[in-house]
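Inspection log for the structure reproduced underneath, given as structure tokens.
Residue numbers (the working numbering): 6 to 437.
This is how it looks when you write it as structure tokens:
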């Protein structure tokens, strides 16, 4: 985020900064919602991001205690690589059926050199043009996994040069680039800053400036922000309006949060909400020119390479089977079967091959299950039959043992069906 950078505080001695680190227990309940809260503070090969862990902790508490999402439906990642981030989002997306999915991210971000899409950088990314992009997750991928009923909250900041290369600024969060347009469907994207703006730290609170006021807004500080009449509820529109006003008050040099997409959404309704602090007495960030970038920032040595033309669904053909149920695309990225099926659905050639492949997998799974039953019943009833002569369970034992045959049939079907499906899928993915 900000590390070696310096921001002066101006004005008279401020009052104590209200905390957002103590849970606000609203009593609300959102049993169908799910959330993934990501805060990557420690990067193995890139500058660390101070306060990202604190930001994640505050938003985790907001999800559990204020929104009222059951804790087992909220996943907190204090670090994570590309695969771990996508896996967590996929789990949460499945759990949030019928509810709202929330995804928050504090850490490094950058613009894709190919299409400007936002990349959220995993904790194992290196300042190496050959691998940087491949260890990041694009917003398009996230929305593809998460679906339309999702709200994404991003505290990242701008320090990139797009296709000309990206500087990794020590202590800084990367860019929210110009890609952030109106999301499709009901998805909402809430970002810390407009393109070309810096998302600042707020050291008096040990948080990002944006996250601090987001967490406060969701505690009740935004109640009545739009019409001046508190009603015991906070909507996302009220929260966005409050965060914008608060940041403009304490950071006049400029940082403009943006909430795009979706319709109105009530975050919480409760009689336990907090009253907003007097923004006028909070510590101000230095005025005049914004945040200076240090001259010692470690740059990427070369421009980020322009990847091969992207396929229709961000899967680079050819996709190949790696063994043990793992598939990878042409860039070496692991591709799940569900992702590949989504990417190729709707075409007669791939749908037919996919159906045969899934049938083969189902036959093999059925064989495994029934053969296990055969082992169990064969062992349990075998001794009983020998001792008592009671043969009533014999057909059940034989039925279970027949599963070995089904297993063998399925095991023989799967490789050929998989080969034919991958052939059809790669042909479709390679089309211009």
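Backbone N, C-alpha and C fix where the C-beta goes; we use that ideal spot for every residue, glycine too.
Fewer than three beta-carbon pairs drawn from the segment 47-56 and the segment 144-155 are found closer than 8 Å, and the two stretches are therefore not classed as touching.
Residue 239 and residue 250 have their C-alpha atoms roughly 16 Å apart. Taking 8 Å as the cut-off, the Cβ atoms of residue 25 and residue 63 count as close. Straight-line measurement puts the Cα of residue 194 at about 7 Å from the Cα of residue 266. By the neighbour-count criterion, in which a residue is buried when 16 or more other Cβ atoms sit within 10 angstroms of its Cβ, residue 268 is exposed.
Where residue 90 is concerned, the enclosing alpha helix (DSSP H) starts and stops at 87-100.
Annotated three-state conformation of residue 224 is helix, per DSSP. Nearest Cα to residue 419 within the set 67, 358 and 323: 358. Just so you know, the alpha carbons of residue 150 and residue 286 end up roughly 43 Å apart. Where residue 193 is concerned, the enclosing beta strand (DSSP E) starts and stops at 193-196.
Annotated as distal: residue 363 and residue 290, with beta-carbon spacing of 8 Å or more. Within the same chain, Cβ atoms closer than 6 Å to the Cβ of residue 23 are found at 282, the five residues on either side in sequence being excluded.
Proximity to residue 243 across 223, 252 and 255 peaks at 223, based on C-alpha coordinates. Bridge partners of residue 160 according to DSSP: 111. Of 112, 143 and 79, the smallest CA-CA separation from residue 100 is found for 79. Distances from the CA of residue 95 to each of 147, 105 and 425 were compared; the closest alpha carbon is that of 147. Each residue's CA atom was taken as its position, placing residue 219 and residue 81 some 18 Å apart. One thing to note: residue 35 has its Cβ no nearer than 8 Å to the Cβ of residue 83. Classified as buried, residue 245 has 16 or more neighbouring CB atoms from the shown chains inside 10 Å of its CB. Counting only residues of its own chain and dropping the five nearest sequence neighbours on each side, residue 139 has a CB closer than 7 Å to the CB of 336, 337 and 338. Looking at the backbone, the Cα of residue 89 and that of residue 233 are separated by about 43 Å.
Inclusion of residue 361 and residue 277 in the CB contact set at 8 Å is not warranted, their separation being larger than that value. One Cα belongs to residue 328, the other to residue 214, and the distance between them is close to 46 Å. For residue 147, the enclosing alpha helix (DSSP H) has its first and last residue at 144-151. In the three-state DSSP reduction, residue 427 falls in the helix class (H, G or I).
Just measuring C-alpha positions, the residue of 288, 202 and 69 sitting nearest residue 211 is 288.
Beyond the five residues adjoining it in sequence on each side, residue 279 comes within less than 7 Å, by CB distance, of 29, 224, 225 and 226 in the same chain, given in chain order. Annotation for residue 112: 45, 54 and 57 place their beta carbon closer than 6 Å to its own, counting only its chain and skipping 5 residues before and after.
Rounded to whole angstroms, the Cβ separation of residue 124 and residue 141 is 4 Å, and the two are in contact under 8 Å. Bounds of the alpha helix (DSSP H) holding residue 59 are 57-66. From the listed residues 59, 110 and 42, the smallest Cα separation to residue 77 is found for 42. Counting along the chain, the unbroken alpha helix (DSSP H) around residue 246 starts and ends at 241-255. Around the C-beta of residue 126, 16 or more other C-beta atoms lie within 10 Å, and the residue is accordingly described as buried. Restricting attention to 436, 133, 137 and 108, the CA atom closest to the CA of residue 144 is found in 108. When the alpha-carbon of residue 207 is set against those of 31, 247 and 59, the nearest one is in 59.
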